[in-house]
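Asks:
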Amino acid sequence: MIQKPRLAATVILLRAAEPRGFEVFLTRRPEGMAFLGGMYCFPGGTLRTEDFSDAMLSRSAGMTPDQAQKIIGAEFAPRQALGLWIATIRELFEEAGILLAVNGAGERILSNTGLASRLTEKHSRLLGETLSFYSVLESEGLFCDLAALAHFSHWQTPAQVSMRFDTHFFLASLPADQSPLPTSSEVTQSVWLTPDAALRLFGKNELPMIFPTFASLRTLADFDSLERVFKEYCVGS
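In the numbering used here, the protein residues as written are 1040 to 1276.
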């Protein structure tokens, strides 16, 4: 019996490189993980029902459910489609401590010392399951910045694989005032690499990854700047 794939979302986080070009954020999964154990990949995870709950939709800005459905496809209910954007932002915060959010005025957050300290504490509580992602946002008067993401690609695990995922990939730019955590409960190591450098390491068997990760890097290697990537995929900035 073919296993039905679970809906998932992942984010390719980018930042400008010196003296030119850009880098991609890659994380390595713990060896013992059932899926992608020991592999380098992008932050992401499974879509949860609470990602498209009334509460979470009320804590999101920058895109409507109908707009999300138009991009993702008519087979999705509008609110479920929007949930993929929300899941992407939640997973990025859980795995890397990066929060793509705006305040009530629609302004992207600036992580001053006080806010950064509070978010660090709330991130720990979120991982310890004593605080929900909704509560993190609500307590700080923040909203998921859905306009900071752009849909990039769509991959599905082959039918012969027992653990299957139907994953939508998104692009986002690293906020200038935030830095990702080097490790977390789901990350043993994290690295910033240009797409070309990552592909070279993969070719030397020094950066293990599955095909969708490789294909994403190969596509991005054709761009010479963040600006060109953003123009092609209309990433909000």
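Every residue gets a Cβ at the ideal spot worked out from N, C-alpha and C, and that includes glycine.
Thinking R1129 and F1172 are a contact (beta carbons under 8 angstroms), I'd like their distance in whole angstroms, please.
Replies: At roughly 5 angstroms, the Cβ-Cβ gap stays under 8 angstroms, so R1129 and F1172 are in contact.
Asks: Could you check the C-alpha separation between G1101 and R1203 for me, to the nearest Å?
Replies: If I take the Cα positions, the gap works out to 30 angstroms.
Asks: Grouping DSSP H, G and I as helix and E and B as strand, with all else coil, what is R1203?
Replies: In the structure shown, R1203 sits in coil (DSSP, three-state: anything other than H, G, I, E or B).
Asks: What do you get for D1093, buried or exposed, if any count of 16 or more other CB atoms within 10 angstroms of its CB means buried?
Replies: It counts as exposed.
Asks: What separation, rounded to the nearest whole angstrom, lies between the Cα atoms of T1152 and P1197?
Replies: Near 45 angstroms, if we compare the C-alpha coordinates of P1197 and T1152.
Asks: Report all residues from its chain with a CB closer than 8 angstroms to the CB of S1229; omit the five preceding and five following residues, and keep chain order.
Replies: The answer, listed in chain order, is F1064, L1065, T1066, R1067, A1135, P1219, L1220, P1221, T1222.
Asks: Of the choices T1049, R1054, F1081, R1059, whose alpha-carbon is the least far from that of L1246?
Replies: Closest by alpha carbon: F1081.
Asks: From what residue to what residue does the beta strand (DSSP E) around A1047 run?
Replies: Here the beta strand (DSSP E) through A1047 covers 1045-1055.
Asks: Would you list the one or two residues that DSSP bridges to H1193?
Replies: H1193 is bridged to H1207.
Asks: Does DSSP classify L1149 as helix, strand or coil?
Replies: Here L1149 sits in coil by DSSP.
Asks: Count the other C-beta atoms from every protein chain shown that fall within 10 angstroms of the C-beta of L1149, then say buried if there are 16 or more, exposed otherwise.
Replies: So L1149 ends up on the exposed side.
Asks: Quick one: Cα of M1312 to Cα of K1243, how far?
Replies: No statement about residue 1312 is possible, as the shown extent of the chain runs from 1040 to 1276 and does not include it.
Asks: DSSP three-state call for L1185: helix, strand or coil?
Replies: In this structure, L1185 counts as helix in the three-state DSSP scheme.
Asks: Note down, in chain order, each residue of its chain lying with its Cβ closer than 8 angstroms to the Cβ of D1263, except the 5 sequence neighbours on either side.
Replies: Around D1263: R1059, G1060.
Asks: Can you name the residues that DSSP bridges to L1265?
Replies: DSSP output for L1265 lists no bridge partner at all.
Asks: Relative to the C-alpha of M1289, which candidate in T1169, G1076, R1045, E1133 has its C-alpha closest?
Replies: Shown here, the chain extends from 1040 to 1276; a query on residue 1289 therefore has no answer.
Asks: Determine the closest residue to F1209 out of R1157, P1251, T1233, with distance taken between C-alpha atoms.
Replies: Looking at the Cα atoms, P1251 is the closest of the given residues.
Asks: Return the chain-ordered list of same chain residues with a C-beta closer than 6 angstroms to the C-beta of R1045, the five sequence neighbours on each side being excluded.
Replies: Result list for R1045: T1085, F1204, in chain order.
Asks: Does the Cβ-Cβ distance between S1212 and L1265 come in under 9 angstroms?
Replies: In contact: S1212 and L1265 (Cβ atoms closer than 9 angstroms).
Asks: Taking only runs of the alpha helix (DSSP H) that begin and end inside the segment 1216-1275, which ones reach a length of at least 4 residues, in chain order?
Replies: Entirely contained in the segment 1216-1275, the alpha helix (DSSP H) runs reaching 4 residues are, in chain order, 1234-1242, 1250-1259, 1265-1272.
Asks: Starting from M1067, trace the beta strand (DSSP E) both ways and give me its first and last residue.
Replies: Inspection of the sequence shows that residue 1067 is occupied by Arg rather than by Met. Taken as a continuous stretch (DSSP letters only), the beta strand (DSSP E) holding R1067 covers 1061-1067.
Asks: What did DSSP end up calling G1083 once you bin it into helix, strand or coil?
Replies: Note: G1083 maps to strand in three-state DSSP.
Asks: Leaving out five residues on either side along the sequence, give the residues of the same chain with a beta carbon under 6 angstroms from the beta carbon of L1166.
Replies: S1224, listed in sequence order.
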